[in-house]
Amino acid sequence: MWNTVFERLHPGARSSEAEIARAEAELGFALPESYRSFCRACGAGLANGHFRIATPLPYPAADLVTRAEIVADSINAAIQALSAADTPHRFSIEDGDLSRLERACFFGEGDDGSFLFWDVSGAGEYPIWVMAPDLETVRFGGDTLDAFFKRTQGLTILDVLGDGTPPLASTFQGIEAAVLARAGAPAQDGAPV
456 MWNTVFERLH PGARSSEAEI ARAEAELGFA LPESYRSFCR ACGAGLANGH
506 FRIATPLPYP AADLVTRAEI VADSINAAIQ ALSAADTPHR FSIEDGDLSR
556 LERACFFGEG DDGSFLFWDV SGAGEYPIWV MAPDLETVRF GGDTLDAFFK
606 RTQGLTILDV LGDGTPPLAS TFQGIEAAVL ARAGAPAQDG APV
């Protein structure tokens, strides 16, 4: 299936069934099948030349559970800092349902500073939403991960990332396990950082 989503597909470190099961147990919900398929076929890497998708892996730099927590904590800290500076913060969600942010599980980051998340209510495939870099604007991304990638490869990207955004490349460039392992390794004495 992913060969039809990406014209150029170079897989990275792929998730095993055990790693996917670990992530589901730690997160407390079943991961959507389109995402599970992506983790098994594509793995860690850069999708459409723009989105880094976190996958269940033993490397914190790419691991879904680790990244979901870091992104959620970072967004909450930024919103609290804005509130402390008397800068009003208001979400502008495409369908107006603010409660979806309470059910958000962040799983991807865009090179523009946007964040991808699922609204994890219900079961099966969870809708994908995109939080813009302003941390206020939230737009619908797609019903499945493959649909999301296809939407951002065409003119419907304007509905997903906003005006002035050109369609993204239909590519997936994986990151190998050895690279991810080095990214999380402590610096050696005397080694360049």
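Counting in the working numbering, the final residue of the sequence shown is number 648, and the numbers go up one at a time with none missing.
Ideal Cβ positions, reconstructed from N, Cα and C, are used throughout, including at glycine.
With a contact defined as Cβ atoms closer than 8 Å, Gly579 and Pro511 miss out at about 19 Å. The continuous alpha helix (DSSP H) containing Phe604 extends over residues Leu600 to Thr607.
Around the C-beta of Asp589, fewer than 16 other C-beta atoms lie within 10 Å, and the residue is accordingly described as exposed. The beta carbons of Ala468 and Leu635 sit about 6 Å from each other, so the pair counts as a contact at 8 Å. The residues Val585, Arg594, Gly596, Arg606 and Thr607, in chain order, have a CB closer than 7 Å to that of Val615 in the same chain once the five nearest residues on each side in sequence are set aside. Only residues of its own chain outside the window of five on either side were considered, and among them Gly565, Asp566 and Leu623 have a CB closer than 6 Å to the CB of His505, listed in chain order. As computed with DSSP, Val585 is found in a beta bridge with Leu571 and Arg594. Here Asn503 is buried, its C-beta having at least 16 other C-beta atoms within 10 Å. Considering only Phe572, Ala632, Arg507 and Phe562, the residue with the shortest C-alpha distance to Thr592 is Phe572.
Here Gly563 really is in contact with Ala509; their C-beta atoms are around 6 Å apart, less than 8 Å.
Counting only the Cα atoms, Gln535 lies some 40 Å from Leu464. DSSP, reduced to helix, strand and coil, places Arg545 outside both helices and strands of the structure shown, so it counts as coil. Burial state of Thr459 is exposed, judged by a 10 Å Cβ sphere holding fewer than 16 other Cβ atoms. Here Pro621 is not near Asp598, since their CB atoms are 8 Å or more apart.
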